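S.K.:
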Ligand code: SF4
Ligand code: SF4
C-alpha cells in the first residue's frame, strides 16, 4: 500500500457536517451535551468523543462588504514527522503509532497516559489535535480510519462528503490534485493558500487568510512545537507511559 | 423537477433562489459543484447569507416576500435588452397569441387585472381569453408586434419593474440586480442554459404560485425549458414527497393528477366531459384528452370486477368535494378548530409543530374525539394534550399512537425529486412492535371492512368493493402480509380483458387478460384495462414475456453522456428523464445545443424518421413536419408554453404584492392593493371565528420581518432527528439569527435568550448575532430581518431544552391558488430575556479536554 494523504478543498465545503456525523458513527463516538452558544459550530471543540469538527467562522466584515462564512472541517493532519509521537516515544513506546504503510498517526486506545504527559503531547501538536479521555486515560483523535483503509475502504468522512471537499488517496496523486486545485483557486482568490502540503497528510486548501478559518488552521511558529523542542523533550522524559 | 438532480451539472448558470441546497439538499451540491467545475456560475439570492451563499459566485440579499419584484425586473431586463430566443418564443410559447383587447393590467387598473370583483376577492376572467379565429385557434402575430399579443402585454406589464423600483422593493442593491440579470440573460443563446433551484422560499407565500410562474416565464423567454441544464426545478426535500404528490397526497387530486370529483359531476361522463380539455389547434397533442382512459383505468384498479360499464365503473363510490369546497391544510384545521371533525389521522406528520399557526392547531386537536398518530416516536402532536399551556383534564381527545417502521425496515419504491422511482429493499427487521405503514393500513382496512360487513352502515360499497389482492389471505380473508410488489403492479395496471387491435385486417391480440400493461398508451376507457396511477404505468411491466420491476433496475449506461442513465431505475412518465424535451430541439428537430442534445430527430431512422436520446415527449415528428409535426408542450391544450397564465386565480402575469404582514405600509407597485387581492382573508377568518387567526398590520408593534427555514442536521419538525444524539449535538436548541445593528439596539449578544413575538404567539430562542444578516434599505427606511429554524418542539429533548416550534409565530394564511401557507414572510418583535441563558458547555468527559485557554 502506498502512503496516503487527504486533500480538503474548503472552497467546496458547504458545512453539511456529513463528515462530522460519519466520523462519530464509524468510530462509535458518543454525542456530547451541547447548547446553542451563538454559532452553528457544535460541539465547541474537538474532544475525546469528537475527532472531526466542522468549524464555522462567522466573520465580522466592515460595513458595505459582503458577508463571509468560513467552514473548516478540522481533524488530525497526520504529520509526516509527527511531533506528538516524538514526545510520546520519549516517555515510553506504544502510545502513538506511526503506520509505515499509510503514514497514519494513531493513538493506541490501550495505552494510558498521565494528564501531565498528555498536556505535553497536546502542547507540542502544531494543530492542537490530541484529546484525553479522562475515563480510560487514553489519548484520542482521528485515526485516519485505518481500520477502513486497510480494508480498501475510504475514510468515513471522505466517503460521505457530497461536494468533493474531502479527498483521499495515494499521497502522490493527492499532492498533484492539491497543486492543480490551488492553481485554479488562486486565479479567483488572491489570498488562497495550500496549508503545509510538505509536512502533513491532511492538506487544506483555503481561499482566504487561514486565521479567518481557525486559530490552528495552519502550522504555527511558536505555537505547538518544533522538531528540536520535541526532540529535547524526548530526551528528558518527565514520566513514563504505561501499557495497560 | 422538470429535470433531475444529476442534470444540474449540465447548467451554465444556476440560480438558487427560495432554496438553500447546501443545507437542505446536500447531495445536490455534488452536481452543482460539477457544474462549477465546468465554469458555471452559481448565483444565490436569499434574505440571509446561507451556506449556499458561501460557495456561490454571486450573492444578493433580498427582502423576504419580494421575489416577484426581483424576477419581474429580470423579465423587464431580458425584454429591454432583447435577450430572448426568438425562434423558441415564437414557435413554442403563447407569446404571439392575441389576447382580448379589453384585457387590462395592474399598471392601468391600480394594482389589479381586469375583471376584479372586490366583494368576492376574485376575478371574472372573461377578458383574460385569447382571440380565436374562425377555426377556434388563437390568433397570432408571429412578429410579436401587435399590442394585444402576449409578448407586448408582457413587455408593458414588466416595464413598471425597472431596476430602481426593484431595488426599492426588494432591498437588493442595484448593481447586484444588474449583475444577476445579465448572467441569467447570457443563456438566451441556444447553447447556454440556466436553471432555477427553488423550494419553500418561493412556495410558502401568499404569492407562492406566481413566484414560480415568474421564473417559468424567464425560462420560456430564454429557451431553457426542456434543455439539459435548464428547467424549473423544485428541490423536493422529503425522500418521497414527489411520490406522495403523484399518488394524490393533496385534496384536489386523485392519483396521477386527475382532478378530485365534485358533487355536481354526478356521472363519469360528466366528470370526463368537464375535465378533458379540447383543442382546435391541429398540431397540439393535448395529452389530457386521455383523461377518460386514466380515470376509468383508475376506477378499475380500485374496484376490479365490481367496476362495470353499467355502474359507471364505480364512479359514484368515489368521495366528492362540494362545488368550490376547499379541503386544504388551512381549511381543514380551521374547521377542526370550529369543532367540525370527530377524528383525525396524523399519519407520519407532526402538525403541532409543522403547521403554520401551530398554537391554533394544538388547540384544534383538543376539539377532536379521537386522533391516531402513526409515527416513529412520540411527538408534539401525539402528546399535544400535555404540551405547554394545555389543561389535560379538560381535553377529551383520545389519542392512539401507532409505532411504524422507518424506511430501512420495509420494502417499496420512493420517487425522488427528479421523478425517479427507485425500488428499495428491507435492510433490517422492524424494531419492537412497529409495523410498516402499509401493514397498519392493511389491518385498518380489514377491520373497517368487517364492521361494514357486519353492521352495514352508510355507503358500504366503496369499502366492500375495493380490490385488495396484495398477498395470501388467511381464513377470514385478511391479507397476511402486504406485498409491496403486488401494490406496485396494481399501480402499473393490468389488462382485464383480451384486447385486440381492430384496425389490423385480422384482429391481432395486443393485450392478454391478466397481463401487466406495457405503459399508459395502452390504457383504455372501456374497462378493459386498469392502472392505479397512469403516470406510473410502465414502472412494473412485461418485457419480452418476463415481469420486470423497472424501478429495481441498476444499469449504469449513459449513452447521451448527459447523466440521464436511462437504465437506472425508472422515471415517470415512460422513463423520460427531462420533461418538455421536445422543446430542446428547433422546429426541424435539431438540438438547440448539439453539444448537449437531449433528443434529436434522425430522418434516416426507421421507416419515416425517429427520435434519438431521451424518451421524447411523444413520438410525433418535429413541428416542421407539415403533416404530422407536433407542438412541444404536450400537456397544454395549445401545445405551447404558457407565458400568459389565465388559469390562475390571481392574474395571468405575476404582479408584486406585499406579504400579508409586511414592513411596508404601501405597495410601491400599486396604491390600492397592498396584498394579493385574491386571498380569502375574510373567508378563513369567518371559518375559524376566532380573533387569534388575525394578522397584524401594525408594523410599529411588530417591526421586524421574520422568516423560517431548515438546517441540514434536522429533518422537518425534527421528530426523527431530535432523537438522534449526534444530530441534536450539532443543533441542540431553537435559535434566532439577527444582524449586529439590531442586536446592538436591543442589547442582545450571541448566546442570549430572546423572546420573539408575533400576532399569533411567542417563542424563546437563543441569539446568533451575525453579519450574514444585514438590514435592508426599503423605500429609504431601514428594515431588519430575523430568521429561525422550525425543527424544534417542546416534547423532545424531554428536559425542554430544545425550545419550541417557530410555527407558533407564523400566519395562518396562504396562496389563493393552493393555500400553501405563508411561513416565509411575517412580522415579529423581539426582546432580550433578562436572565443568563448560558449553561456551561461540556465538550468532553475531562477538564483536560478544554482548549489551551
Ligand atoms: S462532508 Fe464535505 S461538504 Fe460536508 S461539511 Fe464535511 S467537508 Fe464540508
Ligand atoms: S479519517 Fe476517520 S477518524 Fe479521521 S476524521 Fe475522518 S472519519 Fe474521523
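Protein chains in written order, with this note's numbering: chain A, -13 to 230; chain B, 299 to 1151. In this text, a Cβ means the ideal position worked out from N, Cα and C, and glycines have one as well. Computed from a predicted structure; not experimentally measured.
1. Taking the alpha carbon of residue 704/B as the point to measure from, which residue in 673/B, 683/B and 697/B has its own alpha carbon closest?
2. When the cut-off is 8 angstroms and only beta carbons count, does residue 166/A lie next to chain B?
3. May I ask you to list, following chain order, the residues of the stretch 351 to 376 of chain B that have a beta carbon less than 8 angstroms from some beta carbon of chain A?
4. Quick one, are the C-beta atoms of residue 128/A and residue 12/A less than 8 angstroms apart?
5. Is any non-hydrogen atom of ligand 2 found closer than 7 angstroms to the C-beta of residue 13/A, if you look at the structure I gave you?
6. Is residue 757/B closer than 8 angstroms to residue 747/B when the C-beta atoms are compared?
7. Return the chain-ordered list of same chain residues with a C-beta closer than 7 angstroms to the C-beta of residue 33/A, the five sequence neighbours on each side being excluded.
8. At a cut-off of 7 angstroms, is residue 157/A close to ligand 1 when judged by its beta-carbon and the heavy atoms of the ligand?
9. Within 8 angstroms, do at least three Cβ pairs link the stretch 1079 to 1094 of chain B to the stretch 470 to 485 of chain B?
10. Taking the beta strand (DSSP E) that residue 844/B belongs to, which residues open and close that run?
11. In the DSSP assignment, find the unbroken beta strand (DSSP E) run with residue 449/B in it and report its ends.
12. Expressed to the nearest angstrom, what Euclidean distance is found between the alpha-carbon atoms of residue 683/B and residue 654/B?
13. Assuming the contact rule is C-beta atoms closer than 8 angstroms, residue 63/A and residue 188/A should be a hit. Round their C-beta distance to whole Å, please.
14. Establish whether the CB of residue 231/A and some CB of chain B are separated by less than 8 angstroms.
15. Given a cut-off of 8 angstroms on the beta-carbon distance, is the pair residue 676/B and residue 1093/B in contact?
16. Which residues mark the beginning and the end of the beta strand (DSSP E) in which residue 668/B is found?
17. Using DSSP with H/G/I as helix, E/B as strand and the rest coil, what is residue 645/B?
18. Using a Cβ-Cβ cutoff of less than 7 angstroms, which residues in the same chain neighbour residue 327/B once the five nearest sequence positions on both sides are dropped?
19. For ligand 2, any of its heavy atoms closer than 7 angstroms to the Cβ of residue 282/B?
20. Could you check if residue 803/B is buried or exposed, using at least 16 other CB atoms within 10 Å of its CB as the buried criterion?
21. Where residue 162/A and residue 890/B are concerned, what is the direct C-alpha to C-alpha distance, given to the nearest angstrom?
22. In chain A, what lies closer than 8 angstroms to residue 1023/B by C-beta?
23. On the DSSP bridge assignment, give the partners of residue 44/A in chain order.
24. What are the uninterrupted segments assigned as beta strand (DSSP E) that are 3 or more residues long and contained completely in the stretch 810 to 891 of chain B, given in chain order?
25. Within 10 angstroms of the Cβ of residue 1027/B, are there 16 or more other Cβ atoms? Answer buried if so, exposed if not.
26. Note down, in chain order, each residue of its chain lying with its Cβ closer than 8 angstroms to the Cβ of residue 200/A, except the 5 sequence neighbours on either side.
27. Which class does residue 585/B belong to by DSSP, given the choice of helix, strand or coil?
28. Using the C-alpha atoms, what's the distance from residue 409/B back to residue 375/B?
29. For residue 721/B, write down the residues that DSSP places opposite it in a beta bridge.
30. Residues of the stretch 1067 to 1088 of chain B in Cβ contact with chain A at a cutoff of 9 angstroms, in chain order, please.
31. According to DSSP, simplified to helix, strand and coil, what is residue 1046/B?
32. Do residue 884/B and residue 897/B count as a contact pair if the criterion is CB distance below 8 angstroms?
33. Can you look up residue 289/B in the DSSP assignment and give me helix, strand or coil?
34. Going along chain B, which residues have a C-beta under 7 angstroms from residue 73/A?
35. Figure out for me which residue from 335/B, 596/B, 459/B and 993/B has the closest Cα to the Cα of residue 170/A.
M.R.: Short version:
1. 673/B
2. no
3. 351, 352, 353 and 357
4. no
5. yes
6. no
7. 18 and 117
8. no
9. no
10. 844 to 847
11. Per DSSP, residue 449/B belongs to no beta strand (DSSP E); it is in the alpha helix (DSSP H), 448 to 456.
12. 19 angstroms
13. 4 angstroms
14. Residue 231/A falls outside the range modelled here, since chain A spans only -13 to 230, and no answer is possible.
15. yes
16. 668 to 673
17. strand
18. 319 and 320
19. Missing from the structure shown is residue 282/B; chain B here goes from 299 to 1151 and no further.
20. exposed
21. 38 angstroms
22. 16 and 17
23. 55/A
24. 838 to 841 and 844 to 847
25. buried
26. 41, 43, 58 and 60
27. helix
28. 21 angstroms
29. 711/B
30. 1067, 1068, 1069, 1070, 1071 and 1072
31. coil
32. no
33. As displayed, chain B neither begins before 299 nor continues past 1151, which places residue 289/B out of reach and without an answer.
34. Those within 7 angstroms of residue 73/A in chain B number zero; the least Cβ separation is about 15 angstroms.
35. 335/B
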